[in-house]
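Novice: Numbering (our numbering), first residue to last: 2 to 417.
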Ligand code: CA
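1) Assuming residue 134 is part of the alpha helix (DSSP H), what are its boundary residues?
2) Output the residue ranges of the beta strand (DSSP E) runs that lie fully inside the region 52 to 97 and measure 3 residues or longer, sorted by chain position.
3) Verify the contact flag: residue 79, CB atom, against every heavy atom of ligand 1, threshold strictly below 7 Å.
4) What is the DSSP secondary structure of residue 185, counted as helix, strand or coil?
5) Which residues have a Cβ closer than 5 Å to any heavy atom of ligand 1, listed in chain order?
6) Might you give, ordered along the chain, the residues of its own chain that have their beta carbon closer than 7 Å to the beta carbon of residue 238, omitting 5 neighbours on each side?
7) By the DSSP assignment, the alpha helix (DSSP H) with residue 381 in it spans what residues?
8) Expressed to the nearest angstrom, what Euclidean distance is found between the alpha-carbon atoms of residue 107 and residue 150?
9) Taking DSSP's pairing of strands, which residues face residue 291 in a bridge?
10) Could you name the residues of the same chain whose beta carbon sits closer than 7 Å to that of residue 45, not counting the 5 residues immediately before and after it, in chain order?
11) Out of 114, 174 and 334, point me to the one whose CA is closest to residue 203's CA.
12) Have a look at 130, 40 and 104 and flag the residue whose alpha-carbon is nearest the alpha-carbon of residue 66.
13) Measuring alpha carbon to alpha carbon, tell me which residue in 162, 412 and 377 is nearest residue 389.
14) Is it right to say residue 354 is buried, meaning 16 or more other beta carbons lie within 10 angstroms of its own, or is it exposed?
15) What's the gap between the Cα of residue 3 and the Cα of residue 86?
16) Would you say residue 418 and residue 406 are within 8 Å of each other, going by their C-beta atoms?
17) Does residue 311 come out as helix, strand or coil in the three-state DSSP assignment?
18) Going by Cα to Cα distance, which pick from 74, 139, 92 and 123 is closest to residue 105?
19) Skipping 5 residues on each side, what residues in its chain have a beta carbon closer than 6 Å to that of residue 404?
20) Measure the C-alpha to C-alpha separation of residue 304 and residue 33 and round it to an integer number of angstroms.
21) Strictly by DSSP, which residues pair up with residue 277?
22) Give the DSSP-derived three-state secondary structure of residue 153 in the structure shown.
23) In the DSSP output, what is residue 146 paired with across the bridge?
24) Tell me the start and end of each unbroken alpha helix (DSSP H) in the region 95 to 125 that is at least 4 residues and wholly inside, in chain order.
25) Mark residue 200 as exposed unless 16 or more other C-beta atoms lie within 10 angstroms of its C-beta, in which case mark it buried.
26) Between the alpha carbons of residue 146 and residue 358, how many angstroms are there, rounded?
27) May I ask you to report which of helix, strand or coil DSSP gives residue 235?
28) What is the residue span of the alpha helix (DSSP H) that residue 359 lies within?
29) When you compare only the Cα positions, how much space is there between residue 317 and residue 309?
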């Protein structure tokens with residue numbers, strides 16, 4: 002499978018495009034108008050390619066006869082994030098008190114199911130719940146763009162057409178198989194869909210029918226979605242019973258290995274002077290691990306094992322994998338402190354979704370149009386933040402951090 006657009010998808014919700022179906026995306030009059038004639042010619046050419054050989058004529062005609070290209074997608078394909086999200090911002094949004102509480106509630110609500118899934122696939126239920134929480138906010142945010150239209154468009158226009166043609170063929174295969182109803186096959190602009198946010202080709206390889214109704218329905222069935230996630234991790238090499246790793250403390254002046262790929266046994270790390278974050282010795286049963294330093298030797302440090310790597314394979318980002326791993330630890334215990342023992346190397350930490358909503362509400366009160374305060378910092382909110390940063394004499398970078406929030410709280414009634 003390819004994860005080429007998985008990172009983009011998660012970050013897209015934070016940096017580029019609204020992920021909610023209720024947010025209109027057709028208001029921008031600068032969107033490219035794509036040629037229907039060119040699109041039809043492209044589709045006709047695709048029909049005869051090997052990728053679509055398993056799609057019947059009936060399926061093909063049914064879903065492509067009246068298909069129109071979606072011009073709003075290409076700018077998203079080409080747009081780069083304004084900046085790389087610092088690790089502390091990424092973690093603050095993905096692992097906040099709200100998601101930990103929601104994760105604990107979901108864990109309790111679905112525990113009998115999670116135990117069944119664990120007995121079949123061997124994956125820690127807390128990790129399965131955490132993936133669910135980050136990928137779709139426990140099934141609540143799954144994207145509203147029709148996959149056939151999005152992937153058809155991306156198969157014929159823009160970069161990476163070969164990649165998207167495979168996904169387009171896979172989406173048609175899903176419909177032909179009858180796993181998901183046509184009106185439910187909606188997702189992100191790049192084609193990740195359902196509660197697991199699988200790409201269609203991943204779905205074909207990985208999704209399972211766990212509730213036994215004959216359909217692999219990762220959109221409408223929580224049992225199918227959670228079991229499919231567990232199956233993905235299982236196929237990626239998850240090792241039953243192994244911890245993902247833990248936060249650790251480096252000795253002063255540490256200058257050794259700093260990649261999670263360079264794995265060693267616990268004796269090696271003990272000899273390096275590394276301890277648990279609280280200073281206690283490393284647990285003797287730690288599996289082979291590598292050292293993950295998201296912000297170098299000055300921030301939190303982690304020893305991570307094979308199971309961390311399987312989470313990484315779900316979405317090729319170490320910050321993503323760390324968010325899932327940390328969330329699973331918090332879901333599985335009752336520690337109220339959600340930060341790491343070693344603080345991030347910044348004097349301006351990131352905001353939780355609740356704090357983002359407060360920031361958006363404060364900006365709104367100042368007269369900025371930021372859309373609905375949804376806790377996701379999109380383009381409109383960044384424009385408003387930049388304006389306020391300029392007015393307040395702060396560095397103008399459009400970033401939502403604690404300093405910006407504090408400045409707005411100090412003058413809640415001011416209008417720009
Ligand atoms: Ca099913």
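By construction, the Cβ of each residue, glycine as well, lies at the ideal position given by its N, Cα and C atoms.
Bear in mind the structure is a predicted one, so any value in this text is a computation, not a measurement.
Specialist: Let me spell this out:
1) On the chain shown, position 133 is the one that residue 134 refers to. Residue 134 -> alpha helix (DSSP H) spans 126 to 137.
2) none
3) Working through the chain shown from its first residue, we reach residue 79 at position 78. Flag unset: Cβ of residue 79 not near ligand 1.
4) Locating residue 185 in the chain shown gives position 184, where the first residue counts as 1. Residue 185 falls in the helix class under three-state DSSP.
5) 210, 212, 214, 216, 218, 222 and 225
6) For the purposes of this step, residue 238 is identified with residue 237 of the chain shown, where counting begins at 1. Correct list, in chain order: 307 and 311.
7) By 1-based counting over the chain shown, the position of residue 381 is 380. Residue 381 -> alpha helix (DSSP H) spans 380 to 393.
8) In the chain shown, the residue the question calls residue 107 occupies position 106. In the chain shown, the residue the question calls residue 150 occupies position 149. Those two C-alpha atoms are separated by around 33 Å.
9) The residue given as residue 291 occupies position 290 in the chain shown. In the DSSP output, where bridge partners are listed per residue, residue 291 has 305.
10) If you number the chain shown from 1, residue 45 lands on position 44. Counting only Cβ-Cβ distances below 7 Å, and skipping sequence neighbours, we find nothing.
11) Position 202 of the chain shown, counting from 1, holds the residue named residue 203. Selected option, being the one with the closest Cα: 174.
12) Locating residue 66 in the chain shown gives position 65, counting from the first residue. For residue 66, the nearest C-alpha among the options comes from 40.
13) Counting from one through the chain shown, the residue named residue 389 turns up at place 388. Checked all of 162, 412 and 377; the closest Cα to residue 389 is 412.
14) For the purposes of this step, residue 354 is identified with residue 353 of the chain shown, where counting begins at 1. Buried, by the Cβ-count rule.
15) Position 2 of the chain shown holds residue 3. Position 85 of the chain shown holds residue 86. Bear in mind that a pLDDT of 36 at residue 3, under 50, signals an unreliable position, so the model cannot answer this.
16) The requested residue 418 does not occur in the structure, where the chain is confined to residues 2 to 417.
17) The count along the chain shown starts at 1 and reaches residue 311 at position 310. Helix.
18) Translated into positions along the chain shown, residue 105 becomes position 104. For the residues 74, 139, 92 and 123, the minimum Cα distance to residue 105 belongs to 139.
19) Here residue 404 refers to the residue found at position 403 of the chain shown. These residues qualify, in order along the chain: 349.
20) Start at 1 with the first residue of the chain shown, and residue 304 comes out as number 303. Start at 1 with the first residue of the chain shown, and residue 33 comes out as number 32. Those two C-alpha atoms are separated by around 47 Å.
21) Locating residue 277 in the chain shown gives position 276, where the first residue counts as 1. For residue 277, which the question treats as bridged, DSSP gives the partners 249.
22) If you number the chain shown from 1, residue 153 lands on position 152. Here residue 153 sits in helix by DSSP.
23) On the chain shown, residue 146 is found 145 positions in, with the first residue counted as 1. BP columns for residue 146 point to 188.
24) 98 to 110 and 112 to 122
25) Here residue 200 refers to the residue found at position 199 when the chain shown is read from its first residue. So residue 200 counts as buried.
26) One-based indexing of the chain shown puts residue 146 at position 145. One-based indexing of the chain shown puts residue 358 at position 357. Rounded to whole angstroms, residue 146 to residue 358 spans 25 Å at the Cα level.
27) One-based indexing of the chain shown puts residue 235 at position 234. In the structure shown, residue 235 sits in a helix (DSSP, three-state: H, G or I).
28) Locating residue 359 in the chain shown gives position 358, where the first residue counts as 1. From DSSP, the alpha helix (DSSP H) with residue 359 extends over 354 to 366.
29) Within the chain shown, numbered from 1, the residue matching residue 317 stands at position 316. Within the chain shown, numbered from 1, the residue matching residue 309 stands at position 308. Going by the C-alpha atoms only, they are around 11 Å apart.
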